[in-house]
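**Q** Mind looking over this structure? Questions follow.
Residue numbers (this note's numbering): 25 to 102.
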């Protein structure tokens with residue numbers, strides 16, 4: 025993986041894993057980082073914030089995939 029870049033922040037570790045799975049479905053490798061991931065997980069407030077990182081070379085495509093996901097979610101909510 026080339027130099028990593030954060031492409032998404034989630035307040036819930038499960039949301040971060042869903043984002044990571046969405047990227048994987050498009051062939052983009054990602055990593056989930058945060059205090060909520062690990063043996064002594066903090067899952068409340070700012071300490072529960074979790075980030076999704078991808079290789080710098082995949083960042084533009086990852087953001088595009090996530091933008092489309094956000095647009096689809098907005099349409100479904102209407």
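Cβ coordinates follow ideal geometry from the N, Cα and C atoms, glycine included.
Computed from a prediction, not measured in an experiment: that's the story for all the values here.
1) Out of 91, 92, 85, point me to the one whose CA is closest to residue 52's CA.
2) Should residue 92 go down as buried or exposed, given a rule of 16 or more other Cβ atoms within 10 Å for buried?
3) Classify residue 99 as buried or exposed, calling it buried when 16 or more other Cβ atoms lie within 10 Å of its own Cβ.
4) Would you report the Cα separation of residue 37 and residue 43, rounded to the nearest angstrom?
5) Comparing alpha-carbon positions, which option in 77, 50, 26 lies nearest residue 33?
6) Can you tell me which of 39, 35, 57, 46 puts its alpha carbon nearest to the alpha carbon of residue 28?
**A** In terms of the structure at hand:
1) 85
2) exposed
3) Residue placement at residue 99 is flagged as unreliable, the pLDDT there being 48, under the threshold of 50; a coordinate-derived value is accordingly withheld.
4) 10 Å
5) 77
6) Considering only 39, 35, 57, 46, the residue with the shortest C-alpha distance to residue 28 is 57.
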